[in-house]
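Enquirer: Residue numbers (the UniProt record's numbering): 1 to 733.
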Amino acid sequence: MSNITVCARFRPLSSKEKRDHGANICIQSVDSESFIIKDEKDEGFTFSFDKVFYEKSKQADVYEFLVLPIVRDSLNAINGTIIAYGQTGAGKTYSMEGLNILESDEEKKGILPRVVDGLFACIRSSDESTKYSIKLSMVEIYMEKVRDLFDLSKDNIQIKESKTQGILLSGATEISLLDPSEALQSLSSGIANRAVGETQMNMASSRSHCLYMFTVHQESTIEKRVKFGKLVLVDLAGSEKVEKTGAEGRILEEAKTINKSLSALGNVINALTRGSLAKANHIPYRDSKLTRILQDSLGGSSRTALLCCCSPSPSNVSESLSSLRFGARAKHIKTSPFVKGDEEKSSKKSEAPSATRDHASYEKILEKMGERLNAEDVKLLEELFIQAGLFDDLNTTEDLESAFQDVVQQTISSLMQAVEELRFTVDKLERENKALKERLAVAEMFNALPDNGANSVTFNYPAVFNFGDSNSDTGELVAALGDFLDLPNGQTYFKTPSGRFCNGRLIVDFLMDAMDLPFLNAYLDSIGAPSFRKGCNFAAAGSTINPPTAQAVSPFPIGVQVAQFLRFKARVLELLAKGNKLNKYLPAEDYFQKALYMFDIGQNDLAGSFYSKTFDQVLAYIPAVLTEFENAIKTLYDQGARNFWIHNTAPLGCLAQNVAKFGTDPSSLDEQGCVSKHNQAAKVFNLQLHALVKKWQGQYTDSNFTYVDIYTIKSNLIANYSKLGKQNCHSLV
Ligand SMILES: Nc1ncnc2c1ncn2[C@@H]1O[C@H](COP(=O)(O)OP(=O)(O)OP(=O)(O)O)[C@@H](O)[C@H]1O
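(1) Enumerate in chain order the residues of its own chain whose CB-to-CB distance from Asn471 is below 6 Å, with the five nearest sequence positions on each side excluded.
(2) Please confirm whether Asn651 and Tyr711 have their CB atoms less than 9 Å apart.
(3) Along the chain, which unbroken stretches of the alpha helix (DSSP H) at least 4 residues long are found entirely within the region 661-718?
(4) Could you tell me the boundaries of the beta strand (DSSP E) in which Glu140 lies?
(5) With respect to the beta strand (DSSP E) encompassing Ala641, which residues constitute its N-terminal and C-terminal limits?
(6) Within 8 Å, do at least three Cβ pairs link the region 292-306 to the region 79-92?
(7) For residue 743, which three-state DSSP category applies?
(8) Let's see if you can read the secondary structure: which residues bound the beta strand (DSSP E) around Gly118?
(9) Could you have a look at Ala552 and say whether DSSP puts it in helix, strand or coil?
(10) Quick one: residues in its chain with C-beta nearer than 6 Å to the C-beta of Gln218, no 5 flanking neighbours on either side, listed in chain order?
(11) At 4 residues or longer, and completely inside the region 551-581: list those alpha helix (DSSP H) runs for me, N to C.
(12) My understanding is that residue 737 touches Ser34, with C-beta atoms under 8 Å, so please give their C-beta distance in whole angstroms.
(13) Quick one: give me the first and last residue of the alpha helix (DSSP H) that Val508 is part of.
(14) Short of 8 Å in beta carbon distance, which residues of its chain neighbour Asp117, apart from the five on each side in sequence? Order them along the chain.
(15) Out of curiosity, what's the CA-to-CA distance linking Ser703 and Phe459?
(16) Can you have a look at Asn648 and say buried or exposed, based on whether 16 or more other CB atoms are within 10 angstroms of its CB?
(17) Kindly indicate the opening and closing residues of the alpha helix (DSSP H) around Ile70.
(18) By Cβ distance, which residues of its chain are closer than 7 Å to Gly190, with the 5 residues on each side in sequence left out?
(19) Using 8 Å as the threshold, is the region 572-587 in touch with the region 470-490, meaning 3 or more CB pairs across them?
(20) How is Leu619 classed by DSSP in three states: helix, strand or coil?
(21) On a Cα-Cα basis, can you pick out the residue from Gly673, Gly602, Glu589 and Lys92 that is closest to Pro548?
(22) Are Ile258 and Arg292 touching if we call contact CB-CB under 9 Å?
(23) Which of the three DSSP states, helix, strand or coil, is assigned to Thr304?
(24) So which of Val659, Ser322, Val232 and Ser14 has the shortest CA-CA distance to Leu71?
(25) So, with DSSP's three-state summary, where would you put Gln200?
(26) Out of Lys428, Gly653, Cys674 and Gly86, state which residue places its alpha-carbon closest to the alpha-carbon of Leu606.
(27) Based on the DSSP secondary-structure assignment, which residues constitute the bridge partners of Phe228?
(28) DSSP state of Gln87, grouped into three classes?
(29) How about Ser95: is its Cβ closer than 8 Å to a heavy atom in ligand 1?
(30) From Asn270 to Ala330, what distance separates their C-alpha atoms?
(31) Can you tell me which of the three DSSP states Leu13 falls into?
(32) Please classify Asp509 as buried or exposed, where buried requires at least 16 other C-beta atoms within 10 Å of its C-beta.
(33) On the CB-based measure, 16 or more other CB atoms within 10 Å of its CB, does Leu566 come out buried or exposed?
Shown next, in the form of C-alpha cells:
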C-alpha cells in the first residue's frame, strides 16, 4: 500500500521577517522534491518530500498535486485525509482556506473551496446511474474538547467507533450541500465560530485544530449499492514553542494542550513507522482527541496527505526544522494490514460487555509482568492503570496488554518531552550564563575604577579640548586636505556636509550638548570666524596614537595633535595678552586648566596593524602604543591640564570594512557576525588602557581621570541592532 504523501510548503517572507533579517532565507532549493535548510549554526540539512512548494508556488499547484487525487478517490468511496501542519503563521490556514473562504480570486483560493468545486465537478461529470449527496460537518478540538462548529451548544462531542463506519463523531451536525456556493457559505459560518486567540507570532492565530469532514454518499441505481467516502481536511493549530510566543495564562494553557496533542500525533506517527514491529507496538491513538479522530486516516486504509507549512526565515528555522522532521517521519508511514487487525480488535473491544471482564487473565498478566519486573514496578504500573482509568476498560487479556503498552508509551513520550524541555532549558540557561558573565566582566572593570559611575561625572567644564580620530573629527581632516565631503555626510542633522564622517552627529557632539557647550570647531577650520571660546578639536579622521610608518598612514598622530594644541595655547595666550578684539572667540587663560581634555583614539593603531601583523604581533604592539599615549598625557598635564576623559576602543571587529576584509571565512566571525580577533585585540587594548588610566589617577593626584567604556555601550547597541531598526550591526560602530 502507498505511503502518506508528504509535501513541504514555504510561504513568502512576512514583512516582520523582512524587517528583522532583510531578504535572507534559510532554504536553498535543490529541485522540486528536495532542498537544503540551514540552521542557526549554519549547518545544512537536506530534506526530500513528494514535492516542495517554494515561496512562489501557486495555490492551484498545491491542490492539483496533493489534494485532487484524494478528492477523486473519495468519490470512489476511498476515505481521504489532508492535514496542514506547521508553526503558527507558517501558512496552514492560507493553504486551507486562502485569504478568505469566500474569496473568489482564482489564484488565491485555498484547498477547501477547490475541494468543494472539485467534488461538485466530479459529480456533474459522473454517469447518471449514480446519485451523489454530500454532507459536511465541522468541528474544532479546543482544549481537548470537540466542539461542533455548526452548533456551538454541542461543545463536548464524543468520539465513537463503529465496526462498519470506523471512527464517528456522535451527534455532530451534518449539513447537506446542494451546490458550491451554499457549501462555501456553510464553511464560512463554521470558520467564523473557530476559537481564535492572539499570540505574538500571529495576530489571528488559530488556537484549535479544525476538522472539515465531507461525507460523499453514492447510490448506484443499477447495482442497487450504497457507498460512502469520507474526506477530512485538518487545519492544525500552530506547532510553535511556547517560549517564543510569550504565551501566558489561558493562552499558555491552550499552547500546552496544542503541543500535547501534536506530540501525541507525533507519537502515533512514530509508532506507525516502526513497521514490522507493529504487532508488538501499540499505537497510542487514544492519547489525544486529535489522534483518536484521525485513527482511520493515519492507520487505516484511507489515503492521507500531509502539507508541512514553513517559514523560510532564519528567525523561524528551528520551528521549520521541527515541522520538516515531523513530515519526514510521516513519510515512512505505511498503511499496513496490521492496522486493520488493530481496528478489528478495537471494535471487538467496544462490543464486549463489561460483565465478561477477565480478571483472572488480568492477574495472570500482572503475575507475568512480575517475572520481568520487580514488585515495585508492577505496583507502579497498577497505580498508573488506576490513574488512567483503565481498569473499567479492561475486559480481556488483549485489553490489558494494550493498556500496558499505552501506559508505557505515554510514560516514554512524557519522559522524552521532559528531556526535550530540559535540553531547551539548559541551552537557554547556558546562553544567559554566558551573557551574564560578559556583563559581570564589564561591571568588574568599571568597579575597579577609582571614580566611576554616572553620578560622579561632572558636567561642569568651561571648555573642551578633544584629541582623536574619525570618531570625533568635526572637520579637521577635511580642512587639512582642503577637501569636501559629499552628502550623505551631515544630511540628517546639519543638512549639509559638516566635515564629519557621519550622516548626523558624533558622540562628541552629544557630549558637548550634554555639557551645554557649543559643538567643537576643528583646529584647522579657521576660515570665517569660528569660535574657539569653548574649546577646540584636534581630532582628525584616520589618526593613530603611534606615529605613522611605511605600512601605516596617520594624518595627525596624537603627538602632532598635542603639538597643535601647544601651538594653539601659545597663540591664544599671545593674543589675549595683546587685548585683541577677537579675544571673545578665544578661551580665557584659566580655561586651559579648568577644561576637559577628551581622547577617543587608538582604534586605527589596532585595526591598521592587522594589515601587516599577525594577531600575536598586534597584541605585542599594544604596550608601545600606550607608551606614546602616556607621553601625550604627561605633556598635557605638564601644561596644566587636570581633567581627562579617556574613551576606550570600540568593538573593531564589527566595522564593516574589517568584516569585509578579515571576515570572509565564517569561522573568523563571532555570534554577532563580527571579526573575533579584532574584538579580542580591542579588549586587550582596553584592559591595558584601563590599568594605565588607574596608574595616571594614582600618579597625578590633583587631576580627575574618567575611563569611558565605549566598548560596552557599542556592544550593547550591536547586540540589539535589529531593535534599533538597523539591518546589521556594522553601521553602529
Ligand atoms: N503561500 C502564501 N502566500 C502568501 N501569503 C501567505 C502564504 N502563506 C501564508 N501567508 C500569509 O502569512 C500569514 C500567516 O499565515 P496563516 O494564517 O495561514 O498561518 P497559520 O499557519 O494558519 O497560522 P495559525 O497556526 O496561527 O493559524 C497570513 O497573513 C497569510 O496570508
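Note that the Cβ used here is the ideal one computed from N, Cα and C, for glycine as well.
Expert: With the given structure in hand:
(1) Asp600
(2) First, the residue type needs correcting, since residue 651 is Pro and not Asn in the sequence shown. Going by C-beta atoms, Pro651 is nearer than 9 Å to Tyr711.
(3) 676-699
(4) Thr130 to Tyr142
(5) Neither: Ala641 is in no beta strand (DSSP E) and is coded neither H nor E.
(6) yes
(7) Residue 743 lies beyond the stretch modelled for the chain, which goes from 1 to 733, so this question has no answer here.
(8) Per DSSP, Gly118 belongs to no beta strand (DSSP E); it is in the alpha helix (DSSP H), Ile111 to Ser125.
(9) coil
(10) Thr130, Tyr132 and Lys227
(11) 558-578
(12) Outside the displayed span of the chain (1 to 733) sits residue 737, for which this structure offers no information.
(13) Ile507 to Ala514
(14) Pro180
(15) 15 Å
(16) buried
(17) Leu68 to Ser74
(18) Met138, Leu149 and Phe150
(19) no
(20) helix
(21) Gly602
(22) no
(23) strand
(24) A small correction: the amino acid at residue 71 is Val; Leu does not occupy that position in the sequence shown. Ranking Val659, Ser322, Val232 and Ser14 by Cα distance to Val71 puts Val232 first.
(25) Since pLDDT at Gln200 reaches only 42, below the 50 mark, its modelled position is unreliable, and the value read off the structure follows with that caveat. In the structure shown, Gln200 sits in coil (DSSP, three-state: anything other than H, G, I, E or B).
(26) Gly653
(27) His217
(28) coil
(29) yes
(30) 8 Å
(31) coil
(32) buried
(33) exposed
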